[in-house]
Amino acid sequence: MLCFFHLVHTHERILDETGIEIADPEAARYHAIKAVLEAQKDMLSLDVEWRGWHIEVADASGEVLLVLPLDTLQD
Numbered sequence: 015m016l017c018f019f020h021l022v023h024t025h026e027r028i029l030d031e032t033g034i035e036i037a038d039p040e041a042a043r044y045h046a047i048k049a050v051l052e053a054q055k056d057m058l059s060l061d062v063e064w065r066g067w068h069i070e071v072a073d074a075s076g077e078v079l080l081v082l083p084l085d086t087l088q089d
């Protein structure tokens, strides 16, 4: 299934227009967590504030399958 990983905040959306092919919902969760960890690494090096942002994983029809806050895995 084709999934899109959108970055979303209250008044802003950064849409993933390409997406990636995912085997199942568990794989989508894995890729979302991987994206969060990469974003956290960027936050440390760039001093970016991502608090309040989250990743929405949506299928090709636009249905949101998973929402994962970017600050979920922080200490």
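Counting from 15, one number per residue, gives the positions in the sequence shown under the numbering used here.
We put the CB at the ideal spot given by N, CA and C, even for glycine.
| task | Please confirm whether residue 82 and residue 46 have their CB atoms less than 8 angstroms apart. | result | Position 68 of the sequence shown, counted from the first residue, corresponds to residue 82. Position 32 of the sequence shown, counted from the first residue, corresponds to residue 46. Yes.
| task | Going by DSSP, name the residue or residues bridged to residue 29. | result | Indexing the sequence shown from 1 puts residue 29 at position 15. In the DSSP assignment, residue 29 is bridged to no other residue.
| Quick one, are the C-beta atoms of residue 71 and residue 79 less than 8 angstroms apart? | Start at 1 with the first residue of the sequence shown, and residue 71 comes out as number 57. Start at 1 with the first residue of the sequence shown, and residue 79 comes out as number 65. Yes, the Cβ-Cβ distance between residue 71 and residue 79 is below 8 angstroms.
| said: Check for me: the beta strand (DSSP E) holding residue 69 runs from which residue to which? | reply: Walking along the sequence shown from the start, residue 69 turns up at place 55. In the DSSP assignment, residue 69 falls within the beta strand (DSSP E) that extends over 68 to 73.
| Run of the beta strand (DSSP E) containing residue 82, from where it starts to where it stops | One-based indexing of the sequence shown puts residue 82 at position 68. 78 to 83 is the extent of the beta strand (DSSP E) around residue 82.
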